[in-house]
Structures are given as structure tokens and as C-alpha cells.
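A quick write-up on the structure given underneath.
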Amino acid sequence: ARHGGGPGSLPRPTIIGHRGASGYRPEHTFGSYQLALDLGADIVEAGDLVPTKDGHLVCRHEPEIGGTTDVADHPEFAGRKKTKLLDGVSTTGWFTEDFTLAELKTLRAVERIPANRPHNTLYDGRWEIPTFEEVLRWQDEQTRRRGKQVWIYPELKHPTYFRKQGLPLEERVAKLLRKYRKDRRTSPVILQSFEPTSVQRLHRLVDNPLVVLLSSAGSRPWDFVESGDPRTVADLVKPAGLREIASYARGIGPTLDLVIPRDAQGKLTRPTTLVSDAHKVGLILHPYTMRNENPFLPADFRRGTDADAYGDVFGAYKAYFATGIDGV
Ligand code: G3P
Ligand code: CA
Numbered sequence: 047a048r049h050g051g052g053p054g055s056l057p058r059p060t061i062i063g064h065r066g067a068s069g070y071r072p073e074h075t076f077g078s079y080q081l082a083l084d085l086g087a088d089i090v091e092a093g094d095l096v097p098t099k100d101g102h103l104v105c106r107h108e109p110e111i112g113g114t115t116d117v118a119d120h121p122e123f124a125g126r127k128k129t130k131l132l133d134g135v136s137t138t139g140w141f142t143e144d145f146t147l148a149e150l151k152t153l154r155a156v157e158r159i160p161a162n163r164p165h166n167t168l169y170d171g172r173w174e175i176p177t178f179e180e181v182l183r184w185q186d187e188q189t190r191r192r193g194k195q196v197w198i199y200p201e202l203k204h205p206t207y208f209r210k211q212g213l214p215l216e217e218r219v220a221k222l223l224r225k226y227r228k229d230r231r232t233s234p235v236i237l238q239s240f241e242p243t244s245v246q247r248l249h250r251l252v253d254n255p256l257v258v259l260l261s262s263a264g265s266r267p268w269d270f271v272e273s274g275d276p277r278t279v280a281d282l283v284k285p286a287g288l289r290e291i292a293s294y295a296r297g298i299g300p301t302l303d304l305v306i307p308r309d310a311q312g313k314l315t316r317p318t319t320l321v322s323d324a325h326k327v328g329l330i331l332h333p334y335t336m337r338n339e340n341p342f343l344p345a346d347f348r349r350g351t352d353a354d355a356y357g358d359v360f361g362a363y364k365a366y367f368a369t370g371i372d373g374v
């Protein structure tokens, strides 16, 4: 109730299945999403949204799909391999925006980090790439079947990059949310993006709970880099920056070290005032990167797989819950 409708009705701390139960199944597949709910997640990050050439939204961690699908085993797509500048980073591989949805549907998902999650490779080749529209229908089906409202937490990936290519993500997301009547403030959908201007655009198009993702303090959101806005994440987490975010978003998703910084040995230090500063202006707070693929995590957080967090969540993550965060 403290945060009004929508996310205010979720249990606290809220448990968010990052790309599904990605420690146990290849991420962004219906196998992974389904298992996250079975393990007790309150919300599923379904998905990271990227576009196809013909304007559909699909769920992949990144538009480059060389490591998350079997595209390299398809000789018919060998000529599609490219090198592109993705948010300033030279990236080589196959990109969803160069494929139609029908072409992408011929591919199968594979484990992205087999070294960390060798058991997940048992499921390589089992699932198709989900579309956002399928996710919206799956959410309703699961809600009916489980007799409990299922929430989703899609992230819009690289919105400025795609807008410049004539593939605007926000309008497509808004259109689908309207189609499935999930564009209201109380709808069980939280939209997130690392680009503040993308969240502002969503704020104008839909009325859902919106979250601005914040990476490490010294970094700048890519839309700021493109527009010449000199502010860094360190500026955004100051009280004035948080007040501005609260004018168009319902929450923030800061990286771990913005909540509890580490010392030189990687040990947790005293929490910053970010949690209370955010709460003062009415923002919910869902930090991320508490997962074993993050090489900078303290040892405590690195044991097990992502999904072990479900069993271990009140143990290893206790220090975070003690800060008063709203979910993880
Ligand atoms: O919700 C935060 C998190 O999903 C953002 O990072 O790289 O896992 O998409 P990434
Ligand atoms: Ca994400």
C-alpha cells in the first residue's frame, strides 16, 4: 500500500525470476519462465525484448543471438553474420533485427553460459524463441491455472539503437499491452529500461509501473551518450536525480554496488543511503546482479546458480533485505 496500487500489492521482498529460472533452464524460454513460477518467483523477467526485421518483439537477452540459439548450426543463415556497433561496442554475430519472426522461429534456444551452468545444456534445442505476444498470453493462462496473479517484468533492450533503425520498441510494447488490456497502472506488468528517455516515452504511452535501471556509478545511460546529456548514474542517484525519476517512473533497478558497496577485498561494506533516498520520493527499489555470472560479486553471492537464490534467498541475501529493498 505504501507504493499505491500495482507493485504495492506484491509480497515484500518481491522475488523476481531473472530471465526465468535461468540457473536451471536456458534463459528466456517458456521452460525457464515456467520453472521460475514453480519455484515460487513472484515476477518473471519475460523477457529482455528485442525486435525482428518485420517488427515483432522477441525475448532474448541481447539482439545478438550467436550464444543463445543454434543459429550457427544453420548454414542457410551463415551469410547473415555481421559486425555492428551496438551502443558503441563492436559486436559480431547474428542479430534479431536481420531476421523475420518466421526465420527466428526455426531456431532453438541454447544455454548462454555453459561454463557456469553445464546442466542447462541438457535442455539445448528444446525451446523456440518466445515472442512478447506469446508471453502476454502465457501470463493469462498461468494466472488462470495457478489461481494467483502472475506478474511479468519485461526489459526494453537498446531502445535508442533500435529507434535509429526504424524499430521503435516503446510503441510496439504499448500497442501489445493495449491489445491485452495491460496498459493500466494496476496491470501486472512492470516495464524496465536502462535508458531514462525510453522510460519517459513509455510513461507517455502507457500507465504501467515503470522502472529505470541504473548500472555502475561512473557509467552513462546510452540515450544520454547519444543526446550529449553529461550526467552519469552517480548524478541520477542523488536526491535531485531521484526526484526527477519519480516524476515519470515508479521505481529504480540499481546495480548491487549502488546499494551496498564492496571494499577492495570484495566484502560488503555499509549500505549507502540509496534505499531510504529512493523511498523518500516514493520509488520502489529492485536491485540486480546478485547472480553467479557476475565476476565482481563477493564469494557469498557467487555460490550455486542463479536459481539457487530461491532456496537460499533469506540466507545469502539477508544483508540486502536488511537495507529495506523492495525485491530482488
Ligand atoms: O533487471 C535488471 C537486469 O535484467 C538488467 O541486466 O543484463 O541482465 O539484462 P541484464
Ligand atoms: Ca534484463
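Going by full-length UniProt numbering, the sequence shown opens with residue 47, and the numbers climb by one from there.
Just so it is clear, CB atoms sit at the ideal spot from N, CA and C, and this is done for glycine as well.
query                                                                                                        : result
Contact set, ligand 4 heavy atom to C-beta under 5 angstroms                                                 : Absent from the structure shown: ligand 4. Ligands present: ligand 1 and ligand 2.
Endpoints, the beta strand (DSSP E) within which residue 262 is located                                      : Premise fails: residue 262 is in no beta strand (DSSP E) and is neither H nor E.
Cβ-heavy atom distance, residue 334 to ligand 1, below 6 angstroms                                           : yes
Residue 57 vs residue 88 beta-carbon contact at 7 angstroms                                                  : yes
Residue 299: CB within 6 angstroms of a non-hydrogen atom of ligand 1                                        : yes
Test item: CB-CB of residue 407 and residue 252 under 7 angstroms                                            : There is simply no residue 407 to check, as the chain begins at 47 and stops at 374 in what is shown.
Assigned secondary structure, residue 199 (DSSP; H/G/I helix, E/B strand, else coil)                         : coil
Which of helix, strand or coil DSSP assigns to residue 125                                                   : helix
Three-way DSSP call (helix, strand, coil) for residue 334 in this model                                      : strand
Residue 351 versus residue 136: straight-line alpha-carbon distance, rounded                                 : Residue placement at residue 351 cannot be trusted, given a pLDDT of 46 that sits under 50; what the coordinates show is reported in the next sentence. Each residue's alpha carbon lies about 29 angstroms from the other.
Span of the beta strand (DSSP E), counted from its first residue to its last, around residue 321             : No beta strand (DSSP E) holds residue 321; the alpha helix (DSSP H) holding it covers 320–326.
Identity of the residue in 224, 76, 130 nearest residue 105 by Cα                                            : 76
Cutoff 7 angstroms: residue 155 Cβ touching any chain C Cβ                                                   : Given the protein chain composition of this structure (a single chain), no chain C is represented.
Per DSSP, cross-strand counterpart(s) of residue 136                                                         : 131
Between the CA atoms of residue 200 and residue 83 - distance to the nearest angstrom                        : 15 angstroms
Residue 188 beta carbon less than 7 angstroms from that of residue 181                                       : no
Alpha helix (DSSP H) segment containing residue 159, residue limits                                          : Per DSSP, residue 159 belongs to no alpha helix (DSSP H) and is neither H nor E.
Reduced DSSP secondary structure (H/G/I, E/B, other) of residue 308                                          : strand
Own chain, CB closer than 6 angstroms to residue 113, minus 5 neighbours either side, in chain order         : 158
Same chain only: Cβ atoms within 6 angstroms of residue 309, ignoring 5 sequence neighbours per side         : 315
Cβ neighbour criterion (16 or more within 10 Å) applied to residue 194                                       : exposed
Unbroken stretches of the beta strand (DSSP E), 3 residues or longer, contained in the segment 161–243       : 237–239
Straight-line gap, residue 360 to residue 144 (C-alpha atoms, nearest Å)                                     : With a pLDDT of only 42 at residue 360, under the threshold of 50, the placement of this residue in the model should not be trusted, and no figure is reported.
Beta strand (DSSP E) segment containing residue 253, residue limits                                          : No beta strand (DSSP E) contains residue 253, which DSSP labels as neither H nor E.
Delimiting residues of the alpha helix (DSSP H) encompassing residue 282                                     : 279–282
Cβ-based neighbour list, residue 160, same chain, cut-off 6 angstroms, excluding 5 preceding and 5 following : 167
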